[in-house]
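Visitor: Position 137 of the sequence shown, counting from 1, maps to 137 under the UniProt record's numbering, and the rest follow consecutively.
All C-beta atoms in this analysis are idealised placements derived from N, C-alpha and C, irrespective of residue type, glycine included.
Please read these numbers as outputs of a predicted model, since none were measured by experiment.
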Amino acid sequence: MGLNATPVDLGRYGVWLRHQDLDEDVAAEIERLGFGAVWLGGSTPADLEPVATALAATSRLAVATGIVNIWAAPAEEVADAFARLESAYPGRFLLGIGAGHRELNGPDAVRPLQGMRDYLDVLDREGVPADRRVLAALGPRMLTLSAERAAGAHPYLVPPAYDRFARGVLGDGPLLATEHKLVLGADRARTREEARRGMAFYLGMRNYAANLERLGYTVLDLADDGSDVLIDALVAQGGADQVASELRAHLEAGADHVVAQAIPGESGLLGSLSRLAPALTS
Numbered sequence: 001m002g003l004n005a006t007p008v009d010l011g012r013y014g015v016w017l018r019h020q021d022l023d024e025d026v027a028a029e030i031e032r033l034g035f036g037a038v039w040l041g042g043s044t045p046a047d048l049e050p051v052a053t054a055l056a057a058t059s060r061l062a063v064a065t066g067i068v069n070i071w072a073a074p075a076e077e078v079a080d081a082f083a084r085l086e087s088a089y090p091g092r093f094l095l096g097i098g099a100g101h102r103e104l105n106g107p108d109a110v111r112p113l114q115g116m117r118d119y120l121d122v123l124d125r126e127g128v129p130a131d132r133r134v135l136a137a138l139g140p141r142m143l144t145l146s147a148e149r150a151a152g153a154h155p156y157l158v159p160p161a162y163d164r165f166a167r168g169v170l171g172d173g174p175l176l177a178t179e180h181k182l183v184l185g186a187d188r189a190r191t192r193e194e195a196r197r198g199m200a201f202y203l204g205m206r207n208y209a210a211n212l213e214r215l216g217y218t219v220l221d222l223a224d225d226g227s228d229v230l231i232d233a234l235v236a237q238g239g240a241d242q243v244a245s246e247l248r249a250h251l252e253a254g255a256d257h258v259v260a261q262a263i264p265g266e267s268g269l270l271g272s273l274s275r276l277a278p279a280l281t282s
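#1: Quick check: the region 245-262 against the region 12-26, are at least 3 beta-carbon pairs closer than 8 Å?
#2: On the three-state DSSP scale, how would you describe G115?
#3: For G221, which residues in the same chain have their Cβ closer than 8 Å to its Cβ, ignoring the five residues on either side in sequence?
#4: For T281, is the classification buried or exposed, using 16 other Cβ atoms within 10 angstroms of its Cβ as the cut-off for buried?
#5: Establish whether the CB of V243 and some CB of chain C are separated by less than 7 Å.
#6: Less than 7 Å between C-beta atoms, sequence neighbours within five positions excluded: which residues of the same chain meet that for P50?
#7: Using CA atoms only, rank isn't needed, just tell me which of L123, Y162, R125, V128 is closest to P140.
#8: Give me the DSSP bridge partner(s) of A72.
#9: What do you get for D25, buried or exposed, if any count of 16 or more other CB atoms within 10 angstroms of its CB means buried?
#10: Here's the rule: buried if 16 or more other CB atoms are within 10 angstroms of the residue's CB, otherwise exposed. What is F165?
#11: Hey, quick one: how far does the beta strand (DSSP E) through H154 stretch, first residue to last?
#12: Determine the DSSP secondary structure at A30, reduced to helix, strand or coil.
#13: Comparing C-alpha positions only, which one of D224, Y208, E252, L182 sits nearest to D241?
#14: In the DSSP assignment, find the unbroken beta strand (DSSP E) run with G226 in it and report its ends.
#15: Have a look at L194 and H154 and give me their C-alpha separation to the nearest angstrom.
#16: Put T44 into one of helix, strand or coil per three-state DSSP.
Encoded structure:
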């Protein structure tokens with residue numbers, strides 16, 4: 001469907017990690033394992049230096065931001081950095097931008113949809129092509145904007161059922177690059193415990209909670225660190241084959257590209273990815 005919406009070759013599977021956790025060795029290993037892209041989260045700075053680090057350490061890997069916060073990174077600075085990266089590494093960078101969380105943004109960040117439109121206007125003027133950017137989107141209005149003014153959407157913290165909803169809003173053409181978390185391990189009690197680490201933060205963000213409620217989850221599912229039903233839907237768990245099957249479900253539901261976020265546990269980030277990678281290509 002939407003892989004052709006951008007000239008950046010993402011492949012079917014990418015890896016999400018905080019930009020603070022990236023170095024040259026990590027980027028090179030992600031490429032060696034066969035993943036098509038690395039997505040850098042944690043509000044990547046406007047100078048896009050972590051992106052430059054990943055691109056310099058690899059030869060084929062696509063690099064995307066997941067995301068640059070429109071309230072924290074001036075659009076003119078981001079556009080300048082984009083131009084530098086495009087000159088040095090043509091066709092390998094996809095700019096993901098988003099409005100962040102109202103609870104964490106400053107007092108001026110009260111109209112995310114209009115803020116995004118204004119930001120895109122600047123990127124247009126500065127020459128960042130629409131097919132080289134994606135928007136963090138959950139609700140129908142931001143999804144519609146993703147289809148109209150970007151290559152597509154990069155939703156975060158969603159089960160495969162969301163992809164069917166998003167694809168219905170986007171239509172067939174735009175890119176849908178969906179993030180999904182995972183923990184490898186046979187002991188479901190242990191993997192759920194690891195999966196819940198940090199989940200309270202996400203479930204406390206109103207945009208995520210509202211989206212999950214739209215998908216049918218209840219207040220009880222969202223309470224504390226999430227019900228077992230919710231955790232199992234948002235975090236793939238089990239052996240490598242089982243986790244790969246759950247990630248593949250996003251593609252079957254309408255996504256074009258799945259962004260795997262490993263919750264490292266005992267194996268560490270690269271250990272988890274090295275176990276997962278062969279199962280994704282089998």
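Guide: This is what the structure holds:
#1: yes
#2: helix
#3: In the sequence as displayed, the identity of residue 221 is Asp instead of Gly. Within the same chain, D221 has close Cβ partners L212, S227, V229, L230.
#4: exposed
#5: Within the model displayed, chain C is absent; a lone protein chain is all it includes.
#6: H19, L22, L40, T44
#7: Y162
#8: A72 is not bridged to any residue.
#9: exposed
#10: buried
#11: That residue, H154, is in no beta strand (DSSP E); it is neither H nor E in DSSP.
#12: The sequence given here places Ile at residue 30; Ala does not occur at that position. The answer is helix: DSSP assigns I30 an H, G or I state.
#13: L182
#14: Neither: G226 is in no beta strand (DSSP E) and is coded neither H nor E.
#15: The amino acid occupying residue 194 in the given sequence is Glu; Leu does not appear at that position. Distance between the alpha carbons of E194 and H154 is about 24 Å.
#16: coil
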